[in-house]
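Remarks on the structure that follows.
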Amino acid sequence: MRAKVTVTLIGINLSALLFAAWAVGSALSDSAFPQAKQPAPDTTSSSPTIFAQFSNEALLSSPLFTPSRQPQSKLEPESMQIAPPVPPRLAGIVKEGSKARLVLLEAATGKSRGLINVGQVFEGWVVAEIRQNAVTLTPSIPLSTSNSGGELSLYLHPDPAGNDLQQPSDNQSNFPHSSH
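Read in order, the letters of the sequence shown correspond to residues -20 to -1, 1 to 160 in mature numbering (1 follows the signal peptide of the UniProt record, and there is no 0).
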């Protein structure tokens, strides 16, 4: 019976000790360590903030640990300007009878050459048209809307009489013209 009394007294002492620790802890936290008061929520807004209206993409697009939590700005396609590729040099035109079939183009660096047909790409330019004395090229990637068109005519030999030479139109004036 003595063992039962001892166990009961130990249980009562532990309960009293826990109660005393709780009472002292709550008294210290209220007086010695005052908590910062949270600002009252803004009740003047007409609609409450509903977090369910935000998509996961919107939440993930904002950097998590920066003070401003603003999403990164993206450049709009209209503001991006892509410079046209460096035009190649027209080295020759291969004819079959009286019809021009292929052009021999050389890269501006001189490191590569190619026999190119209409519709094929060489160094960032698509061969749009082959004429007797000239070739018309267009960029293989779409340029910004500020560059109007982007066509380029390269001439094999300038004809003194002006025959078979297409004069550059307004949309071709921002590209150099080769006269080899």
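From the three backbone atoms N, C-alpha and C, an ideal C-beta is built for every residue, glycine too.
Computed from a predicted structure; not experimentally measured.
Measuring alpha carbon to alpha carbon, tell me which of Arg(-19), Ile(-9), Met(-20) and Asn97 ends up nearest Ala80. Asn97
Would you mind sorting Ala(-5) into buried or exposed? The rule is 16 or more other CB atoms within 10 Å of its CB. exposed
Local conformation of Ser6 per DSSP, three classes: helix
Can you tell which of Ala(-1), Ala(-18), Leu84 and Trp105 has the C-alpha that lies nearest to the C-alpha of residue 162? With the chain covering only -20 through 160, there is no way to say anything about residue 162.
Run of the beta strand (DSSP E) containing Arg93, from where it starts to where it stops: Arg93 to Ile96
Could you have a look at Val(-16) and say whether DSSP puts it in helix, strand or coil? helix
Presumed contact (8 Å Cβ cut-off) between Leu136 and Ile62, rounded CB distance: At roughly 28 Å, the Cβ-Cβ gap does not stay under 8 Å, so Leu136 and Ile62 are not in contact.
Can you tell me whether Ser133 is helix, strand or coil according to DSSP? strand
Residues of its chain near Glu103, where Cβ-Cβ distance is below 8 Å and the 5 sequence neighbours each way are ignored: Pro65, Val66, Pro68, Leu85, Ala87, Ala88 and Ser92
Spatial distance of Ala(-1) from Ala(-18) (CA atoms): 26 Å
Can you look up Gly103 in the DSSP assignment and give me helix, strand or coil? One point to set straight first is that residue 103 is Glu, not Gly, in the sequence displayed. If DSSP states are grouped into helix, strand and coil, Glu103 belongs with coil.
Buried or exposed, going by whether 16 or more other CB atoms sit within 10 Å of the CB of Ser78? exposed
Can you give the beta carbon distance from Leu134 to Val115, rounded, assuming they're within the 8 Å contact cut? 5 Å
May I ask which residues mark the beginning and end of the beta strand (DSSP E) holding Pro119? Ala114 to Pro119
Could you check if Val83 is buried or exposed, using at least 16 other CB atoms within 10 Å of its CB as the buried criterion? buried
To which residues of the same chain is Gly94 closer than 7 Å at the C-beta, ignoring the five residues directly before and after it? Leu85 and Phe102
Opposite Ala80 in the DSSP bridges: which residues? Lys75
DSSP three-state call for Asn127: helix, strand or coil? Bear in mind that the predicted position of Asn127 carries a pLDDT of just 49, short of 50, making it too unreliable to give a figure here.
To the nearest angstrom, report how far apart Leu(-3) and Val(-16) are at their CA atoms. 20 Å
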